[in-house]
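A.B. asks:
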Amino acid sequence: MSAGFADIDWARPWLAPIETRGRRWQAAALTGYSGYLATLNEDASAAGLLTGRGQPLAFIAQEELPAGASYEGHIAQSGRVPTRHNLHDFFNGSMWFAYPRIKAALNARQAEQIDEHGIGPTRGGVRDALTLFDENAVLFACADASLGRALRGFDWRTLFIDERAAWGVRCEARIFGHALLEKLVAPYKACTGHAWIVDVPAEYFTLDDAGRRALIDERIAHGILAEPLESRAFAPLPVLGVPGWWAANASPGFYDDVSVFRPGRRNR
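Residue numbers (this note's numbering): 28 to 295.
#1: Whose C-beta lies closer than 8 Å to the C-beta of L35 among residues of the same chain, with five residues either side of it excluded?
#2: Assign H112 to one of three DSSP states: helix, strand, or coil.
#3: Thinking C-alpha only, which one of R246, I202 and I247 is nearest S121?
#4: Only counting the same chain, and skipping five residues up and downstream in sequence, which positions put a Cβ closer than 6 Å to that of R128?
#5: Measuring CA to CA, which of C169, V269 and A138 is closest to V153?
#6: Thinking just about the alpha-carbon of each residue, which of H221, F167 and P214 is nearest to the one in V196?
#7: Do the region 254-274 and the region 166-181 make contact, defined as three or more Cβ pairs closer than 8 Å?
#8: On the criterion of 16 or more Cβ atoms from any shown chain inside 10 Å, does P290 qualify as buried, or is it exposed?
#9: So, under 8 Å CB-CB, L77 and I251 are touching, yes? Tell me the CB distance rounded to an integer number of Å.
#10: I'd like to check one pair, A131 with R107: are the Cβ atoms closer than 7 Å?
#11: At a cut-off of 6 Å, is V225 close to the ligand ADP when judged by its beta-carbon and the heavy atoms of the ligand?
#12: What three-state label does DSSP hand A54 in the structure shown?
#13: Looking only at its own chain, which residues have a Cβ that is under 7 Å from the Cβ of R240, when we skip the five neighbours before and after it?
#14: Going straight from the alpha carbon of E199 to that of C169, what length do you get?
#15: If we require 4 or more residues per run, which alpha helix (DSSP H) segments fall completely within the region 83-140?
#16: Using 8 Å as the Cβ pair cut-off and three pairs as the minimum, do the region 97-104 and the region 50-69 touch?
#17: Hey, quick one: how far does the alpha helix (DSSP H) through G62 stretch, first residue to last?
#18: How many whole angstroms separate the CB atoms of L159 and T110, which I take to be in contact at a CB cut-off of 8 Å?
#19: Does any C-beta atom of chain B lie closer than 7 Å to the C-beta of E90?
#20: In three-state DSSP terms, what is W183?
#21: Tell whether a beta-carbon distance below 7 Å holds between G175 and I224.
#22: Report the residue from E143, G268 and A193 whose alpha carbon sits nearest the alpha carbon of P214.
#23: Whose C-beta lies closer than 6 Å to the C-beta of L207 among residues of the same chain, with five residues either side of it excluded?
#24: My guess is that F118 and E46 are in contact by the Cβ rule of under 8 Å, so how many angstroms apart are they, rounded?
Below you can see the structure in the form of structure tokens.
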């Protein structure tokens, strides 16, 4: 049986940034679809957020997406996000509030690609990378370049054991991908995100959660809009290896499982 709204465990540390709003949305979702959409739209109206082409954010039932219209193109043009009554779209909506600039930037680039190339049987490299970010990204904020190199080099011992004390002080992980959040409602060891490394100043780690989110939201959104984007820019990150996210990883032996913590492409 697939997981549902009642299965969300708000004690999971990766859900902390969205817990307050998420609990309200969860309660509304458990009462029914129409009330759930109404709650999302109340929050959207109050927040005044915009989609990729400056349209006010709103949420509509999936069946209101016009026939033949592209999902991302419709959001950019109308501001209305087609939303199903399921966990996948629950977490997608949550990211519009947690990281509104990143979501708008992804939507703007998707709409730009659709305008240029249309909708075909394949997305193309740029749209693939944008979709990968949207669905499975982990934001790896890092004030120490050596930790970013360890992540890219599959150097799990350095990242998770030798430099364990660096987590929360010189680096941290924040889950952005809504498909990844959906998977983590029922966590499993091999669950892997695609890490997007963002350099931050040391002062980042003195900020509260809202301050940290605002800083990386702006910084990453700027990069998405200004720079080429391709799938190989990501680094695999087994998310239950993040210190403090899973009790079993307190033991160094947790990381000996090479089926999860693979040697990888160290030469890259």
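Cβ atoms here follow ideal geometry from the backbone N, Cα and C, with glycine treated the same way.
Here the structure is a predicted model, which means the values were calculated and not measured.
C.D. replies: In brief:
#1: The sequence given here places Ile at residue 35; Leu does not occur at that position. L42, G49, Q53, L114 and V212, listed in sequence order.
#2: coil
#3: I202
#4: D244, E245 and A248
#5: A138
#6: F167
#7: When C-beta atoms of the region 254-274 are compared with those of the region 166-181, three or more pairs fall below 8 Å, so the two segments count as touching.
#8: exposed
#9: That pair is no contact at about 15 Å.
#10: A distance of 7 Å or more separates the beta carbons of R107 and A131.
#11: Because no ligand of any kind appears in the structure shown, any question about the ligand ADP cannot be addressed here.
#12: Of the three classes helix, strand and coil, the one that applies to A54 here is helix, per DSSP.
#13: Counting only Cβ-Cβ distances below 7 Å, and skipping sequence neighbours, we find P44, A125 and Y126.
#14: 7 Å
#15: Assignment of alpha helix (DSSP H) within the region 83-140, counting only whole runs of 4 or more residues, yields 98-105 and 114-125 in chain order.
#16: no
#17: Y60 to A74
#18: Not confirmed; about 21 Å, so no contact.
#19: Absent from the structure is chain B; it holds one protein chain and no more.
#20: helix
#21: If you check the CB distance, G175 and I224 come in under 7 Å.
#22: G268
#23: N163 and G220
#24: The beta carbons of F118 and E46 sit about 13 Å from each other, so the pair does not count as a contact at 8 Å.
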